[in-house]
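Peer 1:
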Amino acid sequence: MPVSSTADEQPADDVDGAALPVNELFYSLQGEGKFTGTPSVFVRTSGCNLRCWFCDSYHTSWEPTHATMSVDDIVEEVQSHDDADHVVLTGGEPLIHDDAVTLLQQLDDLGYHTTVETNGTIHRDAPIDLASISPKLASSTPTPERDPKGDGEWADRHEERRIDLDALGALVDNYNVQLKFVVTGPDDLPEIESLLADVRSVAASRIPDSDVLLMPEGTTRDELDARRNEVAELAMEYGYRYTPRLHVDLWNDAPET
Ligand SMILES: C[S@@+](CC[C@H](N)C(=O)[O-])C[C@H]1O[C@@H](n2cnc3c(N)ncnc32)[C@H](O)[C@@H]1O
Ligand SMILES: Nc1nc2[nH]cc(C(=O)O)c2c(=O)[nH]1
Ligand code: SF4
Ligand SMILES: [Mg+2]
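Start counting the sequence shown at 1; every next residue gets the next number (UniProt numbering).
#1: With a threshold of 8 Å, establish whether the CB of S28 neighbours any heavy atom of ligand 2.
#2: Can you find the residues in the same chain that come closer than 6 Å, C-beta to C-beta, to V202, ignoring five residues on each side of it along the sequence?
#3: Compute the Euclidean distance between the alpha carbons of H66 and H247, then round it to the nearest angstrom.
#4: With distance defined between alpha-carbon atoms, name the residue in I74, V101, V15 nearest to P127.
#5: Leaving out five residues before and five after S205 in sequence, what residues of the same chain have Cβ atoms less than 7 Å from its Cβ?
#6: Comparing the CB of G92 with every heavy atom of ligand 3, is any distance shorter than 8 Å?
#7: Look at the alpha carbon of V182 and the alpha carbon of G37, and state the distance between them as a whole number of angstroms.
#8: Is D56 near ligand 3 - that is, is its Cβ less than 8 Å away from at least one heavy atom of it?
#9: Would you check if the stretch 148-164 and the stretch 69-87 touch, i.e. whether three or more CB-CB distances between them fall below 8 Å?
#10: Report the three-state DSSP secondary structure of P21 (helix, strand or coil).
#11: Counting only runs that start and end within the stretch 15-61, where is the beta strand (DSSP E) found for 3 or more residues in a row?
#12: What is the residue span of the alpha helix (DSSP H) that L103 lies within?
#13: Would G218 be called buried (16 or more neighbouring beta carbons within 10 Å of its own) or exposed?
#14: Quick check on Q79: buried or exposed, where buried means 16 or more other Cβ atoms within 10 Å of its Cβ?
#15: Among E233, I207, V199, which residue has its Cα nearest to the Cα of M215?
#16: Identify the residues that DSSP records as bridge partners of Q79: which are they?
#17: Bridge partners for S139 per DSSP, in chain order?
#18: Should N23 be labelled buried (16 or more other beta-carbon atoms within 10 Å of its own) or exposed?
#19: Is I133 close to ligand 1? I mean its beta-carbon at under 8 Å from any heavy atom of the ligand.
#20: Would you say S210 reaches chain B, if we count a Cβ-Cβ gap shorter than 9 Å as a contact?
#21: Here's the rule I'm using: 16 or more other beta-carbon atoms within 10 Å means buried, otherwise exposed. How should P2 be labelled?
#22: Tell me whether E159 counts as near ligand 1, meaning its Cβ is closer than 8 Å to at least one heavy atom of that ligand.
#23: Can you check whether the CB of S132 is closer than 9 Å to the CB of T115?
#24: Skipping 5 residues on each side, what residues in its chain have a beta carbon closer than 6 Å to that of D108?
#25: Below 8 Å, is the gap between the Cβ of L103 and the nearest heavy atom of ligand 3?
#26: Under 9 Å between the Cβ atoms of L137 and R161?
#27: Rounded to whole angstroms, what is the Cα-Cα separation between V71 and D99?
Structure follows, in structure tokens:
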């Protein structure tokens, strides 16, 4: 996936002060979750502490690429999209980077609504309007049969890291949240139920079922065609919310959408 045409490639050393590795920066509609359909600027950082076999952002995780951008330049490019007042910080895993907090602070000071898309393994103190948490289930683990790159070398590390109840509890207690699960099929639901029970037991804040979202796994229209109805039925059966992947419906798997 290309980096944004406006994000010049430059070594990290050339950027003074706060900076982030940016894989792409683009204007689109929020395609997932409670704000689906909202015009938003997306800042996609590179680098991740997990390796989901199905990752739709391969060039931030399995083969990370980026341009290093100063936080000031990121903010300037965000502001160039005049009509947007929502910013989505995603990745990769954006919260592995210290300067994610610097960026969120500057965006908040400018009055932007900020959503952070996170795998829920890291809690940071930052001005976040919606923490969009997508805890990773066992079905995300890159077993040798499913590894997109090697032979399952990441499987154990991914398994050990994918759930951190303390981090999940802190995110739930400190932010407005949605819990957005990538669903590959009915076998994922018992794990979602059991994980939710665990998070509810460590968090002081209530998590209503309407803040629990089921999202079909799939990076193309064809994959979603094959899965979305089953996931919608599961949402009805369990009383959770269904979320589409509007950007995939609209633009399939095109970059910068
Ligand atoms: C690329 S991730 C970046 C943020 C963070 N690392 C995370 O996983 O939440 C952005 C969103 O895409 C979801 N996602 C990634 N690959 C997907 C796929 N193949 N099908 C459906 N959702 C996917 C993630 O679960 C997450 O909600
Ligand atoms: N349009 C659009 N909406 C999104 N919502 C979350 C995304 C992400 O990759 O985090 C995403 C994305 O990649 N594109
Ligand atoms: S946690 Fe997010 S960015 Fe990392 S590999 Fe999984 S889907 Fe991709
Ligand atoms: Mg995406």
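All C-beta atoms in this analysis are idealised placements derived from N, C-alpha and C, irrespective of residue type, glycine included.
Nothing here was measured: the structure is a model prediction, and the numbers come from that model.
Peer 2: Looking at the coordinates:
#1: yes
#2: L165, G169
#3: In this structure, the alpha-carbon of H66 lies about 22 Å from that of H247.
#4: Answer by Cα proximity: V101.
#5: V172, D173
#6: yes
#7: 19 Å
#8: A distance criterion of 8 Å places the beta-carbon of D56 in contact range of ligand 3, judged by its closest non-hydrogen atom.
#9: no
#10: strand
#11: 19-29, 39-45
#12: 99-109
#13: buried
#14: In the assembly as shown, Q79 is an exposed residue. Its beta-carbon has fewer than 16 other beta-carbons within 10 Å.
#15: E233
#16: Per DSSP, none; premise fails for Q79.
#17: The secondary-structure analysis by DSSP pairs S139 with nothing; it has no beta-bridge partner.
#18: buried
#19: yes
#20: You won't find chain B in this structure, because it holds only one protein chain.
#21: Residue confidence is low: P2 scores 38 on pLDDT, short of 50, so the model does not pin down where it sits. No coordinate-derived value is stated.
#22: no
#23: For the 9 Å CB-CB criterion, T115 and S132 form a contact.
#24: P127
#25: Incorrect: L103 has no Cβ contact closer than 8 Å to ligand 3.
#26: no
#27: 8 Å
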